[in-house]
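Colleague:
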Ligand SMILES: Cc1ncc(C[n+]2csc(CCOP(=O)(O)OP(=O)(O)O)c2C)c(N)n1
Ligand SMILES: [Mg+2]
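Residue numbers (our numbering): 1 to 356.
As structure tokens, then:
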């Protein structure tokens, strides 16, 4: 593999090829035969994936034209994760997000106009244009914020889960994090606390094989992230994060369990980002030759679902296409809204900085 880490970290006694292969295996989950997805739910889930893909395609385009300030990390390729998990949530459940947060916010019901305007830095944005891509939040929707600090969502989500338990609510908190984020100290403190207090939280690892350019197999002591759940006495499962049906089913089991007060779980979704770590990344570390990584890279979660929906008789190709077109139109309208919105006023700079 061509990467920036040609010196093996495990020199001497670890077979690097074995570790690399293990890092790509989905070994713990098998889907139940009967899927009980209603057509309406399936349509919603597919629409969410389309919204995320169209949203990211547009952000990419307008970023390259210099119309978006700051930095963007695109979620395209990982749509099945946020969409499959958030399909089980209501506005009263909480999510914490990452620097790659557009998909999480859209799947949790973030308004497309408000999100696009936020990314464009406009006054009509969800955070009045002061947050931008990495700080989108909408507390009314239970979106506790994208976050520029890798791993910071652990503390916020665990705190939200503690509040749910303390107030005897039946909601859940979802902590989205990356394979890189899984190595932060706070991750382990929070998984341990969630376990001893049996909090209603699901830790959702989006393992897209890289933290910036560092491969997951290179930086993790365990072959899978899900394996680490053993240390915290909670269920840990790795799923095919390109397959929304798998993500949805496994998430459903663990979210229901958490709502019943039976404690946390760790779900690792094996996935891949279509683009660079950030817009502008040359991606030299990605494996271009025939390999399991390439297979994962070329698997499009939207196409996986379309094939499943048509073959199982859940939806027709025409129905799927209608959803795709509706989504494209909504995202185009969001771009127009963002472009036409005013810049924030200079006088508003110090508003919303301190709590009242
Ligand atoms: C605490 C902290 N350390 C380092 C960084 C720099 N950084 C930003 S994103 C990133 C990689 C994160 O990788 P991962 O958690 O796998 O998420 P992905 O980008 O793959 O979605 C790093 C190291 C940061 N923002 N915060
Ligand atoms: Mg990663």
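All C-beta atoms, glycine included, are put in the ideal place defined by N, C-alpha and C. Since the structure is predicted, the reported quantities are computational estimates derived from the model, not experimental observations.
1) Would you call residue 50 buried or exposed, if buried means 16 or more other Cβ atoms sit within 10 Å of its Cβ?
2) Is the beta carbon of residue 228 within less than 7 Å of some heavy atom of ligand 1?
3) Comparing alpha-carbon positions, which option in 187, 331, 44 lies nearest residue 87?
4) State buried or exposed for residue 147, treating a residue as buried only when at least 16 other CB atoms are found within 10 Å of its CB.
5) Taking 7 Å as the cut-off, is the CB of residue 50 close to at least one heavy atom of ligand 1?
6) At which residue ranges does the stretch 272-335 contain complete alpha helix (DSSP H) runs of 4 or more residues, listed in the order of the chain?
7) So residue 239 packs on residue 269, CB below 8 Å; how close in whole Å?
8) Per DSSP, what are the beta-bridge partners of residue 177 in this structure?
9) Between 354, 303, 241, which lies nearest to residue 80 when the distance is taken from Cα to Cα?
10) For a test of your reading of the model: does the CB of residue 54 fall under 7 Å from any non-hydrogen atom of ligand 2? Yes or no.
11) Please state whether DSSP places residue 269 in a helix, a strand or coil.
12) Under a three-way DSSP split, which group does residue 238 fall into?
13) Among the candidates 58, 76, 349, whose CA atom is the shortest distance from the CA of residue 299?
14) If you draw a straight line from the C-alpha of residue 245 to the C-alpha of residue 186, how long is it?
15) Which value, in whole angstroms, describes the spacing of the CA atoms of residue 290 and residue 296?
16) Residue 125 to residue 348, Cα distance in whole Å?
17) Give a single yes or no on whether residue 210 has its beta carbon closer than 7 Å to a heavy atom of ligand 2.
18) Indicate whether residue 55 and residue 133 have their beta-carbon atoms separated by less than 8 Å.
19) Can you grab the Cα-Cα spacing for the pair residue 162 / residue 169, in whole Å?
20) Going by DSSP, what residue range makes up the alpha helix (DSSP H) through residue 124?
21) Is residue 179 buried or exposed, if buried means 16 or more other CB atoms sit within 10 Å of its CB?
22) Quick check on residue 341: buried or exposed, where buried means 16 or more other Cβ atoms within 10 Å of its Cβ?
23) For residue 260, count neighbouring C-beta atoms within 10 Å of its own C-beta (all shown protein chains included) and say buried if the count is 16 or more, exposed if not.
24) According to the neighbour-count rule (16 or more other Cβ atoms, all chains shown, within 10 Å of its Cβ), is residue 33 buried or exposed?
25) Please classify residue 4: is it buried, with 16 or more other beta-carbons within 10 angstroms of its beta-carbon, or exposed?
Modeller: On the basis of the data shown:
1) Taking the chain shown and counting its residues from 1, one reaches residue 50 at position 50. Classification for residue 50: buried.
2) In the chain shown, the residue the question calls residue 228 occupies position 228. No, the Cβ of residue 228 stays beyond 7 Å of every heavy atom of ligand 1.
3) The residue labelled residue 87 in the question sits at position 87 within the chain shown. Of the candidates 187, 331, 44, the one whose C-alpha sits nearest the C-alpha of residue 87 is 44.
4) The residue labelled residue 147 in the question sits at position 147 within the chain shown. By the neighbour-count rule (16 or more Cβ atoms within 10 Å), residue 147 is buried.
5) Residue 50 sits at position 50 when you count from the first residue of the chain shown. It does not: the Cβ of residue 50 is nowhere closer than 7 Å to a heavy atom of ligand 1.
6) 292-298, 301-311
7) Mapped onto the chain shown, residue 239 falls at position 239. Mapped onto the chain shown, residue 269 falls at position 269. That pair is a contact at about 6 Å.
8) Taking the first residue of the chain shown as position 1, residue 177 is located at position 177. According to DSSP, residue 177 bridges with 205.
9) Taking the first residue of the chain shown as position 1, residue 80 is located at position 80. Among 354, 303, 241, the Cα nearest to that of residue 80 belongs to 241.
10) Sequence index remark: in the chain shown, residue 54 carries index 54 (1-based). No, Cβ of residue 54 sits at least 7 Å from all heavy atoms of ligand 2.
11) Mapped onto the chain shown, residue 269 falls at position 269. Here residue 269 sits in strand by DSSP.
12) One-based indexing of the chain shown puts residue 238 at position 238. Strand at residue 238.
13) Working through the chain shown from its first residue, we reach residue 299 at position 299. Comparing Cα positions, the closest option is 76.
14) Position 245 of the chain shown, counting from 1, holds the residue named residue 245. Position 186 of the chain shown, counting from 1, holds the residue named residue 186. Cα-Cα distance, rounded: 30 Å.
15) By one-based count along the chain shown, residue 290 stands at place 290. By one-based count along the chain shown, residue 296 stands at place 296. Residue 290 and residue 296: Cα-Cα distance of roughly 11 Å.
16) Within the chain shown, residue 125 is the residue found at index 125, counting from 1. Within the chain shown, residue 348 is the residue found at index 348, counting from 1. So the alpha carbons of these two residues sit roughly 13 Å apart.
17) Taking the first residue of the chain shown as 1, we reach residue 210 at position 210. It does: the Cβ of residue 210 is within 7 Å (strictly closer) of some heavy atom of ligand 2.
18) In the chain shown, residue 55 corresponds to position 55, counting from 1. In the chain shown, residue 133 corresponds to position 133, counting from 1. Contact: no.
19) Residue mapping note: residue 162 aligns to position 162 of the chain shown, counting from 1. Residue mapping note: residue 169 aligns to position 169 of the chain shown, counting from 1. Each residue's alpha carbon lies about 10 Å from the other.
20) Indexing the chain shown from 1 puts residue 124 at position 124. No alpha helix (DSSP H) holds residue 124; DSSP gives it neither H nor E.
21) In the chain shown, residue 179 corresponds to position 179, counting from 1. By the 10 Å Cβ count, residue 179 comes out buried.
22) Residue 341 sits at position 341 when you count from the first residue of the chain shown. Result: buried.
23) Position 260 of the chain shown, counted from the start, is the residue given in the question as residue 260. It counts as exposed.
24) Counting from 1 along the chain shown, the entry for residue 33 is found at position 33. Reliability of the predicted coordinates at residue 33 is poor, the pLDDT of 47 falling under 50, and no value is obtained from them.
25) Position 4 of the chain shown, counting from 1, holds the residue named residue 4. The predicted position of residue 4 is uncertain, since its pLDDT is 46 and thus under 50; a value taken from the coordinates is nonetheless stated next. Exposed, since its Cβ has fewer than 16 Cβ neighbours within 10 Å.
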